[in-house]
Structures are given as C-alpha cells and as structure tokens.
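Report on one structure; see the data block that follows.
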Ligand code: KIV
Ligand code: ZN
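Residue numbers (the working numbering): 1 to 389.
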C-alpha cells in the first residue's frame, strides 16, 4: 500500500464518543480502551479534551504515557489555555497531536462565538501557530464546516495551513450533509485552497440523518485520507461514523474505494465488546459488523444457501472481524437442512428418516411458540421424538 492509498483511521471514541450523554469514562477505563485501540492498530487516538477537566487532562496524559504504536491526540478550542493544556497532556507521547477547532458557520459565529468572520480567522491562525510551537503535528477543524460558506472555508483553511496545520479536518458537526453534497464540498475545497497539498485532508461526520459512514466514504473518493470515527458509532447525539463500518467497507470494496487501512480487523469485535461493557451502551443486534445478528442466519432459504456456499448470503467472513464463526439461528423460519446440520454438530443421531421427520415437526411446533430454539431445546425435541416412535 503506497502512502497515497493509505487511509488514516483517527479514533475519537475517547473524546467524541465520551460526549454521548452517560458514556463518560475514568482514566483507567480510557487507558484500557486505548490499549485495545492500539491492538486494533488505529493510527490516531483522540484521548480527550484536556481543558475540559483535571480528570480528562490526566486521562489524556495517562494514554500518552501508555501508547507507543499510535499517535495520541488532545482536543483544544482555539485559545491559549486550551492549547497549552492539550500540549502538556500529549507531551509524554512518542507521537502526539494537538487538534484545535473553531466554528465557521454563520449561526455559530454570530450566535455562539459572537465574532466577525475575520476575527475567527485570526483566532484560528494564532491557535494553530501556538500549537505548532508545542507539537509538530497539528490538526485544525472549522467546526460546523458542513453548514459553512465554502468561500470562507477556503480562506480560513489556507491561513491555517500557512500557520502550520498538518491535517485539515472537515466536520459535518450536526450531520446535515448528504453524500453527494459532502463529496462536492471536499472536492471544491481541495481544488480551491492553493496550499491544499501541504496537509492531509480529513473528515468527521455525525450521524443525525444516518449517513455518517456514507458521507465519510464519499469524501474518501474525493481525496480525504483520514477518517474520524468511533467504535460502535458512539458520539454526540446520534453518534459519529462507526469505525468498524468504515474499515470493513474499504476492505470489502477495494474495487470501489481507492485505499486501505492498517487495521487488524480480528480485533474489531473484542474492541466493540470492551467499549460496550465499559460505557454500558449495548450494541443493537442488527448493527453492521458488530451486532450479534450481523453474521446470523435464521431463514431456511438463507441457511440452506450458506450451508451449500457461504458467499450466497455473506459478503464478509465472521472470523475476519473477530466473531468465532457465523451462526445458524434455529427458529420458525429454519429449514430441515439447518436443523439436521445442528443436530449433527450436537451429536444427535436419528436411526430412521421417520425419527428425523418427527423431530423436525416437533421442532417446528416449538419454534412457533419461542423466538429462538437453543441446543437444550433440540436435545429435548430429539429425545421425545425418538421415544414417541
Ligand atoms: O463535531 C465536531 O465538529 C467536532 C469537532 C471538535 C471536530 O467534534
Ligand atoms: Zn464531533
């Protein structure tokens, strides 16, 4: 994989993910998750917002002291105190980053910051310059870029790069963009900012309309080479782009996406489970890649197909993302083939075809009354069927 084909995975589970109401983490929990992210081989770990609290400063510092095989990043608003705190927090890391941001949309500048656009540019330039004096890796984000004037974005980004920003991150802060529009914004900015090739282009998409992953992938086609994402799609409100979906989309659709990551995909499910256990945010069963049903088949037609050839109904291998294997769930839609196959696996043998038929009929009757049939149910059904014959 050449550098141009390399997609940088910037994980912000410990920062934006932690901003999910109710998901805050202790220092020890952050360090545990950071170690898991290192095993997963993410490129950048955004460990927190050091100016937010003494606890978060210490968490970011502890992650910076622990992690050796990923860049450790701290978030800072575009002011001196935040930048200095972030710089001090990431200082112990072998590779650190300061990520500074300021809002650029009309509604944010006027109502929240109460600053004129030129004042916003000056603050951004001063912040990036100060951060560059503390750290040679600096990311700049024009917050709410998805609702900002592209002309203004070009001006502020050009100045941020000139001041030393090495990564330019375009956030769709409120998840307002749709894929075609967001791709157009990235294309436009990369073409119009004169020094655009001096920075890595990144995107940070929120999921308010359920298109955070689609927007991120659309941006990759326009040259974005860093995606900011979180495990299980955790994050403010409806969350961020889900890391597992981004990674498996680029891995599975190499024909359509011009890059790849260095992620160790077999660590995806263990990391997802760790994050769910620590935050208490359980993953919905039908969640892509990491939901318990993501590789489960219940209907007879699908089970029969998969038993004949997995690719009939599977585009990825469960083992490749860290599940033990795919699953045949026995329920009322299941067919004789899956029933017999599971019985074989459990060592249940039928002497005659009539016994098998009787057991299958009893299984179907039971499945009409229960959501899922477990191995103990099968044992009972088989014993009763054999006894009845
Ligand atoms: O959503 C957002 O805009 C952010 C920035 C701080 C990058 O989280
Ligand atoms: Zn965000």
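The beta carbon of each residue, even a glycine, is placed where N, CA and C say it ideally should be.
{"query": "Heavy atom of the ligand KIV within 7 Å of residue 20 beta-carbon", "result": "no"}
{"query": "Residues that residue 236 bridges to, as DSSP identifies them", "result": "Answer is none; residue 236 lacks a bridge partner."}
{"query": "Option nearest residue 49 by Cα separation, candidates 354, 78, 150 and 199", "result": "78"}
{"query": "Sequence-distant residues of its chain with Cβ nearer than 6 Å to residue 161 (five each side left out)", "result": "195, 198 and 199"}
{"query": "Element boundaries [beta strand (DSSP E), containing residue 203]", "result": "200 to 205"}
{"query": "Three-state secondary structure (DSSP) of residue 171", "result": "strand"}
{"query": "Nearest-angstrom Cα separation, counted from residue 153 out to residue 115", "result": "16 Å"}
{"query": "Burial state of residue 39 (16 or more Cβ within 10 Å)", "result": "exposed"}
{"query": "Cross-strand partners of residue 330 (DSSP beta bridge)", "result": "373"}
{"query": "Runs of alpha helix (DSSP H) wholly within the region 171 to 195 (minimum 4 residues, chain order)", "result": "179 to 192"}
{"query": "Three-way DSSP call (helix, strand, coil) for residue 118 in this model", "result": "helix"}
{"query": "Distance between beta carbons of residue 147 and residue 176, contact taken as under 8 Å", "result": "6 Å"}
{"query": "Start-to-end residues for the alpha helix (DSSP H) that takes in residue 11", "result": "It is not in any alpha helix (DSSP H) - residue 11 instead sits in the beta strand (DSSP E) that spans 8 to 11."}
{"query": "Exposure label - residue 171; buried when at least 16 CB within 10 Å", "result": "buried"}
{"query": "Residue 128 beta carbon less than 8 Å from that of residue 103", "result": "no"}
{"query": "Residue 207 beta carbon near the ligand ZN (any heavy atom closer than 7 Å)", "result": "no"}
{"query": "Ordered list of alpha helix (DSSP H) runs contained in the region 335 to 381, each at least 4 residues", "result": "336 to 345 and 353 to 367"}
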